[in-house]
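Structure first, commentary second.
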Amino acid sequence: MSAEKQTAGAAQADAAGAARAHYAGGVVDDVMVVGVGGQGVIMAAAIIADTAMLGGLDVKLSETRGMSQRGGSVSSHIRIGETVVAPSISPGEVDYLLAFESAEGLRLAPSVVPGGVAIVNLQQIVPPLASQGEYEYPFDAVARMKAGGGRDGAGQAGDAGYRVVAVDGNAVGERVGSVKVAGVVLVGALSTHLPFSAGTWEKAIAANVPASFLDMNLAAFAAGREVGA
Amino acid sequence: MDKVLMLGNEAIARGAWEAGVQVAAAYPGTPSTEIVTNLAGYDGVYAEWSTNEKVAYEVAFGAAMGGARALTAMKSAGASVAADPLISSVYTGINGGLVVCLAGDPGMASGMTEQDDRYFGRMSSMPMLEPADSQECYEYVKLAFDLSEDFDVPVMVRLSIQTAHQKSIVRLDETMSGDEAGRPAPERKPPDRKTEKYCLLPRFSRPLHLSLLERVERLREFSERSAEEGVLAFVEPGAGAGAGSAALPLRDGGTARIGVVTAGAAYISAREALPGASFLKLGMIHPLPVAAIRRFAAGVDRLFVVEELEPYLEEQLLAAGIACEGKRWFPQWGELTPVRVGRGFFAAGLDLPRWAQEKAAEDVSIIPRPPVLCTGCPHRGMATAMKKLDLDVHGDIGCYDLTTLPPVSHMHSAVEMGASIPMEQGFTRAGGSETGSVAVIGDSTFLHSGLTGLLNAVHQRTNVTVLIQDNSITAMTGGQTNPGNEKTLAGAETKPVDIAGICRALGVEHIETVDPYDYQACLDALKAGLAFDGPAVLITNRPCMLFPRKVGGDAYVVDEELCNACQQCMKLGCPSLSHTEVTWKNRHKVAIDVETCTGCSLCAQLCKPGAIAPAATAATKAGDA
Numbered sequence: 007m008s009a010e011k012q013t014a015g016a017a018q019a020d021a022a023g024a025a026r027a028h029y030a031g032g033v034v035d036d037v038m039v040v041g042v043g044g045q046g047v048i049m050a051a052a053i054i055a056d057t058a059m060l061g062g063l064d065v066k067l068s069e070t071r072g073m074s075q076r077g078g079s080v081s082s083h084i085r086i087g088e089t090v091v092a093p094s095i096s097p098g099e100v101d102y103l104l105a106f107e108s109a110e111g112l113r114l115a116p117s118v119v120p121g122g123v124a125i126v127n128l129q130q131i132v133p134p135l136a137s138q139g140e141y142e143y144p145f146d147a148v149a150r151m152k153a154g155g156g157r158d159g160a161g162q163a164g165d166a167g168y169r170v171v172a173v174d175g176n177a178v179g180e181r182v183g184s185v186k187v188a189g190v191v192l193v194g195a196l197s198t199h200l201p202f203s204a205g206t207w208e209k210a211i212a213a214n215v216p217a218s219f220l221d222m223n224l225a226a227f228a229a230g231r232e233v234g235a
Numbered sequence: 012m013d014k015v016l017m018l019g020n021e022a023i024a025r026g027a028w029e030a031g032v033q034v035a036a037a038y039p040g041t042p043s044t045e046i047v048t049n050l051a052g053y054d055g056v057y058a059e060w061s062t063n064e065k066v067a068y069e070v071a072f073g074a075a076m077g078g079a080r081a082l083t084a085m086k087s088a089g090a091s092v093a094a095d096p097l098i099s100s101v102y103t104g105i106n107g108g109l110v111v112c113l114a115g116d117p118g119m120a121s122g123m124t125e126q127d128d129r130y131f132g133r134m135s136s137m138p139m140l141e142p143a144d145s146q147e148c149y150e151y152v153k154l155a156f157d158l159s160e161d162f163d164v165p166v167m168v169r170l171s172i173q174t175a176h177q178k179s180i181v182r183l184d185e186t187m188s189g190d191e192a193g194r195p196a197p198e199r200k201p202p203d204r205k206t207e208k209y210c211l212l213p214r215f216s217r218p219l220h221l222s223l224l225e226r227v228e229r230l231r232e233f234s235e236r237s238a239e240e241g242v243l244a245f246v247e248p249g250a251g252a253g254a255g256s257a258a259l260p261l262r263d264g265g266t267a268r269i270g271v272v273t274a275g276a277a278y279i280s281a282r283e284a285l286p287g288a289s290f291l292k293l294g295m296i297h298p299l300p301v302a303a304i305r306r307f308a309a310g311v312d313r314l315f316v317v318e319e320l321e322p323y324l325e326e327q328l329l330a331a332g333i334a335c336e337g338k339r340w341f342p343q344w345g346e347l348t349p350v351r352v353g354r355g356f357f358a359a360g361l362d363l364p365r366w367a368q369e370k371a372a373e374d375v376s377i378i379p380r381p382p383v384l385c386t387g388c389p390h391r392g393m394a395t396a397m398k399k400l401d402l403d404v405h406g407d408i409g410c411y412d413l414t415t416l417p418p419v420s421h422m423h424s425a426v427e428m429g430a431s432i433p434m435e436q437g438f439t440r441a442g443g444s445e446t447g448s449v450a451v452i453g454d455s456t457f458l459h460s461g462l463t464g465l466l467n468a469v470h471q472r473t474n475v476t477v478l479i480q481d482n483s484i485t486a487m488t489g490g491q492t493n494p495g496n497e498k499t500l501a502g503a504e505t506k507p508v509d510i511a512g513i514c515r516a517l518g519v520e521h522i523e524t525v526d527p528y529d530y531q532a533c534l535d536a537l538k539a540g541l542a543f544d545g546p547a548v549l550i551t552n553r554p555c556m557l558f559p560r561k562v563g564g565d566a567y568v569v570d571e572e573l574c575n576a577c578q579q580c581m582k583l584g585c586p587s588l589s590h591t592e593v594t595w596k597n598r599h600k601v602a603i604d605v606e607t608c609t610g611c612s613l614c615a616q617l618c619k620p621g622a623i624a625p626a627a628t629a630a631t632k633a634g635d636a
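For the record, the sequence lines run as chains E and F.
Per the numbering used here: the first sequence = residues 7 to 235.
Per the numbering used here: the second sequence = residues 12 to 636.
So this is what it looks like as structure tokens:
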């Protein structure tokens, strides 16, 4: 992935057409959402993809495969641009990693492009295999990510590193109403890095959550924007 | 124009509905399931979960004979189950259009094998279309219905999991979009009553085979014509190439005009991997437009064939005398992702900085997180009991296959739908095992293809023990209904089948219903079944925790004082159990996550010091003290 896509990435553009301008010239943003089955990864991915479509861009999303509801690792790939060819992100090309669970963030860290952004939820879900003592759960995952850990060539000359934004999505979610909206808090955190207006994101959220919980989700989104920049 | 983000499978359903499909039948199977799930939501479509893929195929086939447009969908393994009608229906032909959606799983995200389904098309002489994204799914399925009726033949729409399970933008037909009741009423053709067409006796089959061969020739002409017109195949010249092909840089400093023949998901990956090349993107992959490929090949220096799994296209090109390079560079296994195609082109000498280095996708040293049986899963009790008794366990296809993996790790075969009971018979005839052996099958799989296997055991008087893990749903694919349920896919009330009654009717004399949450009862039932002289059936009776609705219950808690860290409960592999920081004799004590515990109580039953009790009871005791 080219470096130029990074420079405009942080724009909180409200003006119509800002998103189009960001993606002019073939820039493609690769966004990967990872977590554990049942955490809401698929809904978050749908919100991100819908936002891009509402923003007038091409978007492709590859759905999680396998037995996502049974506690396994899940990941969704979202690719945004004027024209997107493949729905899956290639290794080492993730521009924005949104990790719902910190060990899953560390697992995918090698795929983040130099200069990319990793937004990682502080939640830690210890799988049964670790509980059995067969493997060590990485309780220091966020610290290791902040130290550049897990990436090829980390710390070597010329390594641009990547930004780690740690978010306590569950605590923020609880503060605005329920831990169940933690996923939308994380989407809010991501939203500050992509060139779509808050209004576009809110429309996409409305299209993906039950109407009776819309207000709480919008509050979660707003709270996420505050902690995610 | 309405633009909608759709899964490939959703787009198939939408296109089929617009094309006037009236009957859809399938058995659930990843990655094909969402086609019929979505069709069930459209007005004017009769959609059903059939008992198996062969039945589904035959229901759709009969509907087509009866004059309606019909669709069936299946995964690779399902095509093997349905192979008999799949091949025969190409002999008879159809009346109303019949579309067969066959979704393969290169990479085996959930499949048992990664067979190349395109050979079904060739073997049966069924014309085959292969879409590459959701827009093409939507368009090709409509073309497939027309083609089916124009040529009097079922038409296969072949999908890869990459196509079926990606979401991309579909531009919907303006005349139909936004109003799902807006579809013109489909016209049913008069039903067929033609003995010589539908009765495959040799005297009728022989001329039908000749007309089938003649039809293949006409389809071949159609394939060439559509390629020429750019309808089902199109050429993309390389970047900056004008009418010809672009010369791409090679690593040795030279250049070459690169052409790529490809289709479906492989096309998408190849386009991502090598954007500057010329592409001949095929839409119809049987019969192949060989003349069009030959013309394309003449304009390039090197011709590559990019396809998932077998060298299906490559071998046909080579047989036609068209020089090409394929499996020499691109893997014959697994999903063909852009990076795998890109690495292949790099190895073939192209100068491709993006793919020059192997990059890690993830840090594999981080703790693995495979799917596990849910908290409270009713399969857990029997699985733990079978491990305790050290039985040889012959499984089938369902969630219980998760017991092949740690921490339960106790299942010794899980091969294909319905295999458990007959394989157990053969194993028994070979002498069995010293500790005893058992066949394990779920309700949906038993009703799919277990009955005839059990009937065989009764008829042959083979002394087998069969455990039917009845959780009253088709769970693994996401909770589809089966004949054990009170409702059909369409939501109609129906009579749930009595599985014990079926076993009785088949002649089984030892049938016991077991509560899988009662560990001792599981052990006792297994022992009694094994001791019985003759086929014995055990049936568990607790529902799936996820479908049709999430099952909750009152949580249990661990009294840390009483817990002696013996690890008996941890053998269950329950996601709600975890180690605490506190140790006893170098072993960690255990805690229960009260948020997720459903109170199945198996851990409490295994706990020798009696440290695990319902949270309510524990609270009362604490209050007393």
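Virtual Cβ for every residue (Gly too), placed ideally from N, Cα, C.
Note that the structure is a prediction, hence the values are computed from the model and not measured.
Restricting to Cα atoms, I'd like to know which of the options is closest to residue i.
{"i": "K200/F", "options": "E141/F, G26/F, G77/F", "result": "G77/F"}
{"i": "S651/F", "options": "L361/F, M167/F, R313/F", "result": "This structure cannot speak to residue 651/F, because chain F is shown only from 12 to 636."}
{"i": "A263/F", "options": "Y411/F, A358/F, G489/F, A36/F", "result": "Before going further, note that residue 263/F is Asp rather than Ala in the sequence given. Considering only alpha carbons, the answer is A358/F."}
{"i": "A516/F", "options": "A277/F, G241/F, L465/F", "result": "L465/F"}
{"i": "G23/E", "options": "P133/E, V39/E, G62/E", "result": "G62/E"}
{"i": "L402/F", "options": "P382/F, T439/F, E373/F, T386/F", "result": "T439/F"}
{"i": "I479/F", "options": "D54/F, L549/F, Q491/F, A532/F", "result": "L549/F"}
{"i": "D412/F", "options": "C580/F, S237/F, A396/F, P382/F", "result": "P382/F"}
Let me know the secondary structure DSSP gives residue i once reduced to three states.
{"i": "R440/F", "result": "helix"}
{"i": "E504/F", "result": "strand"}
{"i": "K65/F", "result": "helix"}
{"i": "K11/E", "result": "Summary for K11/E: the model assigns pLDDT 38, below 50, so the residue's position carries little reliability; its value from the coordinates is reported in the next sentence. Helix at K11/E."}
{"i": "S455/F", "result": "helix"}
{"i": "G251/F", "result": "With a pLDDT of 47 at G251/F, under the threshold of 50, the modelled position of that residue is not reliable, and the figure given next carries that caveat. Residue state, collapsed to three classes: coil."}
{"i": "K338/F", "result": "coil"}
{"i": "T591/F", "result": "strand"}
{"i": "E523/F", "result": "strand"}
{"i": "Q173/F", "result": "helix"}
{"i": "H421/F", "result": "coil"}
{"i": "A143/F", "result": "coil"}
{"i": "A267/F", "result": "strand"}
{"i": "D203/F", "result": "coil"}
{"i": "G41/E", "result": "strand"}
{"i": "P260/F", "result": "strand"}
{"i": "P97/E", "result": "coil"}
Taking Cβ to Cβ, would you say residue i is nearer than 8 Å to residue j?
{"i": "A450/F", "j": "I279/F", "result": "no"}
{"i": "F290/F", "j": "V311/F", "result": "no"}
{"i": "R80/F", "j": "P195/F", "result": "no"}
{"i": "L588/F", "j": "V601/F", "result": "yes"}
{"i": "L223/F", "j": "S136/F", "result": "yes"}
{"i": "V65/E", "j": "A55/E", "result": "yes"}
{"i": "Q130/E", "j": "F106/E", "result": "no"}
{"i": "V91/E", "j": "R282/F", "result": "yes"}
{"i": "I432/F", "j": "I452/F", "result": "yes"}
{"i": "I46/F", "j": "G118/F", "result": "no"}
{"i": "I105/F", "j": "P165/F", "result": "yes"}
Since residue i and residue j are thought to touch, with beta carbons under 8 Å apart, how far apart are those beta carbons, to the nearest angstrom?
{"i": "G461/F", "j": "G429/F", "result": "5 Å"}
{"i": "L350/F", "j": "W366/F", "result": "The identity of residue 350/F in the sequence shown is Val, whereas the question assumes Leu. At roughly 7 Å, the Cβ-Cβ gap stays under 8 Å, so V350/F and W366/F are in contact."}
{"i": "Y102/E", "j": "V37/E", "result": "5 Å"}
{"i": "S179/F", "j": "P93/E", "result": "6 Å"}
Identify the contact partners of residue i in chain E, using a Cβ-Cβ distance below 7 Å as the criterion.
{"i": "C608/F", "result": "Under the 7 Å cutoff, chain E gives no residues; its nearest Cβ is about 13 Å from C608/F."}
For a contact meaning CB atoms closer than 7 Å, what does residue i contact in chain F?
{"i": "P120/E", "result": "Going along chain F, no residue has its Cβ under 7 Å from P120/E, so there is no contact; the nearest lies around 12 Å."}
Which chain E residues sit within Cβ distance under 8 Å of residue i?
{"i": "A371/F", "result": "P97, G98, P116, S117, D158"}
For residue i, which residues in chain F fall below 8 Å Cβ to Cβ?
{"i": "R76/E", "result": "P382, V383, L384, C385, C410, L413"}
{"i": "G43/E", "result": "P382"}
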